[in-house]
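**Student:**
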Amino acid sequence: MTGASAFQKDYKTIIPVEALARFVERLGEQYTLTGPVGGGLTARFEDVSSFSQMDLDYQSTMLPPGKKYLFEPVQEVLSFDISEGRFLEDHKDPQMRKRALIGLHPCDVNAILYLDKVFLGQYTDPFYRIRRENIFTIALNCKSVTDLCFCHLVGAGPYLKARSGYDILLTELRGLLTDSGVDSGGSGADMDGGEKKFLLELASEKARDLFHALSPDKGKPPEEKDLAKIKEMEAALLKTFKKNLDMEAVQNALLARPDHHALKETADSRCLSCSNCVMVCPTCFCHDVRDETDLALSRVKKIRRWDACQDISFARVHGGNFRAQRYARLRQFVFHKLDYDTQFGMKATVGCGRCIRWCPTGIDLTEIAKAMME
Amino acid sequence: MINGSLAPVKAVITDVRQESPGVKTFTIEPAGTFTMETHPMAKPGQFNMLGYPGVGEAPISFSVLPSGEGKKNKKDKKGKKIFGHTVRTAGRVTGFLSQFGRGDELFLRGPFGRGWPLEEVMGKHLLLITGGLGLAPLRPVIEMARSLAPIEVTLLHGARGPEDIIFKTEFARWQRVGAVKIGLTVDNPGQEQEIAGDIKIHSGLITELIRPLRIEPAQTIAFICGPEIMMRFSARELMLKGMSGSAIHVSVERRMKCGTGHCGHCQIGPWFTCKDGPVFAYDQLKGLPDVIL
Amino acid sequence: MRIKTEYLGRVEGEAGVRFEIKNGRLAELKINIWEPPRFFEGMLVGRRYDEAPDIVARICGICPVSHMLTSIRAIEKAIWFEPGPETIAARKIMAYSQIASSHLVHLVMLALPDYEGKSSLMEMMSARDGAECGKNGETEKAKKTKKAKVKDLLKKFINVKEAFNGITQTFGGRALHPVSMVVGGFTSFPGEKEIDRLLSGLASAEDDLEDIAGLISELKPPRLETASELVCLSDDGGYAINGGRIVSDMGLDGTEEEYEELFEEKEASYSNAKKTRLRERGQIMTGALARVSLQSRWLGEKARKPAFSISLSSSSGKNPFNNIMAQAAELLHFWQECKKLLEASGAEKQKKQKFPGRPPAREGEGRALTEAPRGLLYHSYAIDRTGAIRKANIVTPTAHNYLAMEQDLRRLIEDNIDLPKERLKSLAGMLIRAYDPCFSCSVH
Amino acid sequence: MSFYKKFRLHKKDVHSPKEKNPEKKRVGFFKFSCCTGCGFELAYFQRSLKETLESFDFTFFRLASSAGSPEGPFDLALVEGAVTEPFQIVEIKKIRAASKVLYAVGSCAIVGGIPAIKALAPEMEVERAAYRERLYEMSSTRPHVIGDYVKVDGCIRGCPPGERDLEEALASVLIGKEPEFIEYSVCMECKMAGNACVLLEDGLPCMGPVTNAGCGALCPAHHRACYSCFGLMGQANVPALKGKFRKLGFTEEDIEKRFFTLFGALGETGQ
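As they're listed, the protein sequences go chains A, B, C and D. Every number in our numbering is 263 more than the matching position in the first sequence, counting from 1. Every number in our numbering is 17 more than the matching position in the second sequence, counting from 1. Every number in our numbering is 303 more than the matching position in the third sequence, counting from 1. Every number in our numbering is 210 more than the matching position in the fourth sequence, counting from 1.
1) Based on Cα-Cα distance, which residue from Ala530/A, Arg579/A, Cys549/A lies nearest to Arg567/A?
2) What span of residues does the alpha helix (DSSP H) with Asn704/C cover, start to end?
3) Whole angstroms is fine: what's the gap from Glu646/C's alpha carbon to Ile324/C's?
4) For Val237/D, collect the residues of the same chain with a Cβ closer than 6 Å to its Cβ; drop the 5 residues on either side in sequence, then sort them by chain order.
5) Could you work out which residue in Leu512/C, Thr589/C, Leu501/C is closest to Ser531/C when comparing CA atoms only?
6) Please name the residue in Gly278/D, Ile320/D, Ala450/D whose C-alpha comes closest to that of Val420/D.
7) Inspect the beta-carbon positions of Gly333/A and Asp310/A and report whether they are closer than 8 Å.
8) CA-CA distance, Ile401/A and Lys527/A?
9) Please give me, in chain order, every unbroken run of the beta strand (DSSP E) with length at least 3 that falls completely inside the stretch 569-600 of chain C.
10) Mind the definition here: the stretch 620-640 of chain C touches the stretch 279-289 of chain B only if three or more C-beta pairs lie below 8 Å; say whether that holds.
11) Output the boundary residues of the alpha helix (DSSP H) element that contains Pro485/A.
12) If we cut at 8 Å on Cβ distances, does Ala381/D have a partner in chain A?
13) Looking at the secondary structure, which residues open and close the alpha helix (DSSP H) in which Gln301/B lies?
14) DSSP state of Met542/A, grouped into three classes?
15) Any C-beta of chain C within less than 9 Å: which residues of the stretch 240-251 of chain D qualify?
16) Nearest chain A C-beta to Gly87/B closer than 8 Å, yes or no?
17) Taking Cβ-Cβ distances shorter than 8 Å, what residues in chain D pair up with Cys641/C?
18) State buried or exposed for Ala506/C, treating a residue as buried only when at least 16 other CB atoms are found within 10 Å of its CB.
19) For a cutoff of 8 Å on Cβ pairs, would you count Val194/B as touching chain D?
20) Please decide whether Thr277/B counts as near chain A, where near means a Cβ-Cβ distance under 8 Å.
21) Quick one: which chain D residues come within Cβ less than 8 Å of Gly112/B?
22) Just curious, the alpha helix (DSSP H) that Ile299/D is in, first and last residue?
23) Going by DSSP, which residues form a beta bridge with Val486/C?
24) Would you call the stretch 285-292 of chain B and the stretch 249-265 of chain B touching, i.e. three or more CB-CB distances under 8 Å?
25) For Ala478/C, would you say it is in contact with chain D, using Cβ-to-Cβ distances shorter than 8 Å as the test?
26) In three-state DSSP terms, what is Asp721/C?
27) Which whole-angstrom value describes the C-beta separation of Gly474/C and Leu407/C, a residue pair presumed to lie in contact below a C-beta threshold of 8 Å?
28) So which of Ala252/B, Lys274/B, Pro128/B has the shortest CA-CA distance to Gly148/B?
29) Distance cutoff 8 Å, beta carbons only. Does Met317/A sit that close to anything in chain D?
30) Report the three-state DSSP secondary structure of Gly378/A (helix, strand or coil).
31) Nearest chain D C-beta to Arg341/C closer than 8 Å, yes or no?
32) Going by DSSP, which residues form a beta bridge with Tyr684/C?
33) Quick one: any contact between the stretch 571-584 of chain C and the stretch 712-719 of chain C, if contact means 3 or more CB pairs under 8 Å?
34) Is there a Cβ of chain B sitting closer than 8 Å to that of His550/A, yes or no?
35) Contact between the stretch 626-634 of chain C and the stretch 394-410 of chain C: three or more CB pairs below 8 Å?
36) Would you say Asp557/A faces chain D, with C-beta separation under 8 Å as the test?
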């Protein structure tokens with residue numbers, strides 16, 4: 264092992280897709296490979312057995328990969344033996360398989376950074392920690408944006424700016440670059456006859472060690488013009504965003520008008536309190552822990568499951584409910600995502616647009632915020 | 018793998034005292050692997066998650082602390098450190114706990130939360146305003162008040178009826194030993210006109226006790242604990258007297274479940290009641306949605 | 304002497320029985336079905352054709368699959384839809400597994416306590432080590448064997464239940480009021496792994512199932528001969544369950560379409576259930592006994608054990624108490640059939656495709672007959688152009704058996720008129736339970 | 211000795227001296243107008259059947275036993291079915307008086323279930339389609355839920371009841387605590403299961419967003435639209451979902467008649 268000092272964080276190389284595939288498949292000998300399957304807006308992260316099963320052209324998933332694998336929907340956190348009257352000492356963390364999460368978009372990487380702040384802060388959640396430690400993250404810069412994306416407004420995409428929290432960052436180079444020197448120009452992603460290549464950036468020591476040990480083809484360092492081209496691609500991509508919102512203005516406007524009619528009207532006419540927005544949100548971390556006792560009275564399991572502020576019982580206390588009204592629950596979601604940055608020193612939205620896409624009535628938090636500022 | 022903050026530890030109830038109808042104080046002693054050394058010392062205003070497997074957990078603040086408590090209660094006969102929680106039978110967990118008696122075991126996690134800002138008390142008039150069970154989290158403050166070097170300590174306490182006043186037997190001692198000035202009021206006056214010999218029980222809202230109070234706003238610090246609506250009107254009364262919101266501290270009770278700021282249930286605006294509270298300066302909460310304050 | 308049971312136990316639904324003996328003769332006898340009517344035939348009017356299966360499932364908590372299958376087939380006939388072979392096979396699996404489950408409940412929880420002199424399975428369990436197990440006249444050895452058999456009954460019962468419920472649940476989404484079986488087919492099919500799991504469940508239940516069937520086969524039912532005509536469905540392709548010709552031991556032969564011409568339904572003055580009879584022929588008995596007697600050629604070898612020959616011979620085939628023997632035989636038969644179908648289903652896994660959606664509405668009428676656990680079940684619907692149901696008619700097994708139940712009970716009391724009151728009362732309950740009636744269905 | 215034993219409440223007034231096993235909680239199971247599915251769920255279909263039969267004393271359960279009296283007293287009364295006949299009103303009041311805890315079980319008892327469809331039609335129209343001669347001897351009334359007549363301590367929702375809530379209710383009685391029932395939408399269970407959304411991806415009229423969970427998002431898991439057999443959840447925003455269905459192209463008649471009246475036309479027990 265080489266010392267940390269030997270590692271250069273900005274190690275970059277350009278490799279063809281075949282080389283990447285071989286590297287990933289070698290990685291699969293040590294890690295469970297998990298990547299986007301299905302494609303389009305309804306891809307899903309699933310365990311795959313080969314590189315080719317993944318669709319790296321996917322646009323979005325319903326369940327966010329970070330949350331799905333680091334903070335599972337339902338988790339037994341503790342069990343209690345009633346006959347012995349004690350919590351089981353031998354209740355250890357389940358042996359985690361090492362998992363390589365491949366093809367995460369920048370928003371989802373940023374969401375993991377947010378969850379890190381929640382679960383690895385003053386108090387550490389042991390289940391999250393062990394999963395986090397066993398995950399190898401290969402991020403992938405976006406090559407297209409959807410109508411609902413607004414990551415650019417919160418600095419969470421479409422290109423990853425964070426310098427930590429992931430292991431490898433991929434950027435697909437469109438058209439022909441260094442080899443022939445021919446620039447395909449434009450955004451024709453998979454050019455006929457063009458060789459698919461990726462700019463690969465190693466962002467951790469683990470990534471460096473694994474890449475050098477496993478990848479048969481180390482690629483070539485990028486030339487200036489390649490990097491310039493990538494900058495152009497990013498700039499072009501930024502122009503394709505449809506959503507706009509002055510995030511700084513939002514910061515002050517929402518709390519000033521907590522009972523704005525836009526919230527109430529949206530809640531009354533469209534909000535179903537179904538919690539789809541929260542379930543698909545990559546940064547929503549709320550959960551509930553319930554004790555479940557078997558009928559033989561032998562074992563109590565503490566079961567943790569995702570919970571949602573839209574759920575009527577979420578804020579129920581003895582003698583009342585501090586968010587008994589539907590608009591108060593909707594407000595909690597919108598304000599939490601757009602306004603409560605002080606909570607963890609980071610915006611609670613990564614602009615992935617999932618809450619809008621998977622809302623049965625298409626409620627859009629950015630539209631609510633806009634209306635509230637008018 | 019699970020540290021003390023997430024895994025409940027066993028504790029034994031060594032004494033139970035009925036404070037008022039439906040309210041009991043459990044004196045608790047650590048048991049098994051749980052000692053006062055493995056668990057950080059609690060501060061007044063902090064809470065434990067008390068619970069029982071299969072039933073769930075409820076956040077209950079300390080009403081008796083090993084430190085700062087009257088000599089009699091500081092340690093038990095064997096010299097073990099003990100602490101206490103005052104619980105009202107209300108929900109699922111407290112209803113279950115109300116059946117417990119001396120010798121029964123329960124499980125707890127903690128201590129959690131930010132306590133009362135005791136460091137700010139020195140040289141100030143410490144004004145304690147409590148309603149109902151809200152007296153419980155301030156009891157350790159009263160017990161240690163003298164050591165905090167305030168210039169004066171006033172306790173105003175309101176309850177539904179005279180029979181609902183908790184810690185009745187302590188008032189005389191607080192007056193005598195702690196030089197605490199005490200005012201009591203009830204919503205529904207009963208037969209009892211005074212307790213502990215000379216504390217008269219008024220009838221009416223707690224604000225009626227605050228109004229005639231003479232305070233120097235810049236030299237007063239207020240700790241308020243009680244129902245949210247009572248805290249709101251008390252704080253308003255104090256601000257009318259010229260106190261600033263940063264000198265008024267309130268303890269809010271929310272649906273705290275995890276104690277660690279993970280589960281999200283206790284959020285008030287950007288705050289987590291369990292780790293940023295339950296004690297907040299009035300300024301911190303004012304104007305936030307879903308807060309009555 | 305008046306003998307009255309207000310609320311019969313260990314049967315599905317609410318009914319009572321009362322009779323009066325005057326001067327050593329049976330004067331009056333009534334099975335009073337006071338189960339409150341829910342008027343399904345009325346509630347269905349105006350609903351869409353594809354809603355009917357979910358609605359009629361709620362006629363009954365133990366045979367929802369039968370109601371769904373019958374209504375689905377009647378509706379598919381009305382809208383001229385023909386299901387594919389996988390759908391037909393999966394529906395068979397649903398029917399077989401549900402009938403097996405239903406029989407299992409009836410045999411162990413509802414009927415068996417009668418033979419043990421107990422009020423319930425729970426009481427049998429708590430008294431299983433007592434002296435009650437062996438009845439008078441049995442040898443010590445026989446007592447011991449029996450005791451051993453009863454001992455683990457609950458465990459075995461649960462094991463077999465899990466196997467059959469698992470099948471209904473895997474194919475239908477849940478075992479009670481399934482969701483994936485709809486007009487047009489199944490919205491999902493189980494995968495290969497799930498089929499394997501079901502097969503291993505069946506395999507692990509085999510011994511326990513045989514023990515339970517064995518326990519039933521050793522029971523000694525009272526003697527009685529019904530005067531009713533035994534009626535069931537018949538099919539050239541195998542043991543008829545979902546459709547077929549209507550046949551009887553007295554030469555009846557008709558089609559589903561002719562059902563309403565063959566049968567008539569009459570309201571009773573003292574009961575919420577209607578009484579059904581063959582026009583100009585009289586009362587019928589339908590259910591496991593009729594099926595096993597008339598379709599015995601199709602029974603698998605497991606069900607052909609000599610232990611059950613009692614129900615196959617012509618004389619004892621007319622004893623309604625032997626219905627439980629026939630149910631035990633069917634339980635074994637359906638175990639075998641489920642296994643066969645599952646093995647075939649596993650082999651054909653590739654063919655399964657996504658559900659294409661519900662077939663379009665079309666004006667028409669459809670009639671369908673199936674064999675529910677308790678016997679003949681008839682649904683008919685008239686559907687208009689928009690797909691709304693204009694008329695619905697449902698005739699259930701217990702409505703078919705109602706007249707026979709009363710006639711047989713009359714004969715049983717007359718044959719035993721000298722017995723003490725309590726004995727007569729329990730004998731009456733035992734006979735009604737032997738029919739395995741479903742009063743919720745009968746009223747619906 | 212059970213861990214919970216010492217915390218079990220034994221009230222003298224409801225203890226009969228004849229009781230064989232005073233350790234066991236006495237349960238009465240009562241059926242009103244319904245399919246008995248909840249009874250079968252309890253006595254046959256659910257996973258914990260063995261434990262249920264061993265841990266409780268079913269002192270009245272007509273489906274499973276010919277013995278016992280409906281008079282009580284009961285530690286727990288479970289009531290399935292809707293109230294459709296006057297005599298049932300008298301009965302439910304007696305049951306309530308004889309029971310420490312009473313739970314409504316299943317959609318019929320809680321929101322009306324399928325029997326409540328009758329409430330939507332003009333008086334006697336539905337009845338007339340099923341009976342002729344007997345019609346005027348019948349005493350069937352407009353269906354009602356159990357909570358219309360007595361205080362209900364909790365609702366074990368579903369058609370058939372969800373296993374998780376059923377187990378929670380039974381375990382809570384054994385432990386002596388208040389149960390925590392599921393109150394959130396089917397969508398939450400559906401997302402947690404990672405199912406594809408049949409409403410947004412397939413355009414099926416899924417009732418999941420307004421339906422109380424507890425089934426494990428069964429229908430969407432089987433590529434089918436939820437038909438709300440667990441009944442609407444608390445504060446369900448029905449107009450909002452109707453608006454969505456309208457956008458999907460369903461007619462006003464379909465929306466009114468089909469989706470929101472199949473189960474639970476009567477609303478919620480105890481709310």
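Positions of the beta carbon are idealized from the N, C-alpha and C atoms, including for glycine. As the structure is a prediction and not an experimental result, all values here were calculated from the model.
**Tutor:** Taking the definition as stated:
1) Cys549/A
2) 700-718
3) Glu646/C and Ile324/C: Cα-Cα distance of roughly 56 Å.
4) Phe266, Phe268, Leu286
5) Thr589/C
6) Ala450/D
7) Gly is not the amino acid found at residue 333/A; the sequence shown has Leu there. Judged by beta-carbon spacing, Asp310/A lies beyond the 8 Å limit of Leu333/A, meaning their Cβ atoms are not closer than that value.
8) Going by the C-alpha atoms only, they are around 42 Å apart.
9) 577-581, 587-589
10) Touching, no.
11) It is not in any alpha helix (DSSP H) - Pro485/A carries neither H nor E in the DSSP assignment.
12) yes
13) 299-302
14) helix
15) Lys241, Phe242, Ser243, Cys244, Cys245, Thr246, Gly247, Cys248, Gly249, Phe250, Glu251
16) No answer about Gly87/B holds up, because its pLDDT of 41 lies below 50 and its placement is not dependable.
17) Within 8 Å Cβ-Cβ: nothing; Cys641/C doesn't reach chain D, min ~17 Å.
18) exposed
19) no
20) Closer than 8 Å to some Cβ of chain A, the Cβ of Thr277/B qualifies, so yes.
21) Lys387, Glu388
22) 296-307
23) Paired residue(s): none; Val486/C is not in a bridge.
24) no
25) yes
26) Secondary structure at Asp721/C: coil, using DSSP grouped into helix, strand and coil.
27) Inspection of the sequence shows that residue 474/C is occupied by Phe rather than by Gly. Their Cβ separation, rounded to whole angstroms, is 18 Å, which puts Phe474/C and Leu407/C out of contact at 8 Å.
28) The alpha carbon of Gly148/B has as its nearest neighbour, out of Ala252/B, Lys274/B, Pro128/B, the alpha carbon of Ala252/B.
29) no
30) First, the amino acid is wrong: residue 378/A is Leu here, not Gly. DSSP, reduced to helix, strand and coil, places Leu378/A within a helical segment of the structure shown.
31) yes
32) Gly669/C, Ala695/C
33) no
34) yes
35) yes
36) yes
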